[in-house]
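Position one of the sequence shown corresponds to residue 1 (full-length UniProt numbering), numbered consecutively onward.
Built from N, CA and C at the ideal position, the CB exists for glycine as well.
Have a look at the structure below, then the notes.
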Amino acid sequence: MVKGDVDTYHEDGQWKNKAEGNERASSTHDVKADAQAQGREMAADRGVEHVVKKQDGTIGEKNTYPRSRDPRDIEG
């Protein structure tokens with residue numbers, strides 16, 4: 001059951017993870033790499049997409065879990 005994609009983003013001086021549909025962040029971190037690792041784990045557990053945003057709010061990368069769910073037929 002898909003619970004919503006996971007966003008990793010910067011807000012109020014911290015990096016945060018939030019699942020789509022939630023009102024509040026699920027976790028907060030001082031370092032982007034820590035938030036990204038936690039967000040990746042959350043997305044993999046849920047079987048959804050992990051969207052990592054840059055500090056300016058633009059999308060830096062997207063990863064789909066499990067990989068077989070990715071609709072794009074590309075390597076990498």
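Asked	Found
State the DSSP-derived secondary structure class of Gly-60, mapped to helix, strand or coil.	strand
Rounded to whole angstroms, what is the Cα-Cα separation between Thr-8 and Pro-66?	18 Å
Given a cut-off of 8 Å, decide if Arg-46 and Asn-63 are closer than it, judged by their beta-carbon atoms.	no
Mind checking if Ala-25 is an interface residue toward chain D, Cβ cutoff 8 Å exclusive?	Given the protein chain composition of this structure (a single chain), no chain D is represented.
Measuring alpha carbon to alpha carbon, tell me which residue in Val-51, Gly-13, His-10, Ala-35 is nearest Glu-20.	Val-51
According to DSSP, is Ala-19 part of a helix, a strand, or is it coil?	strand
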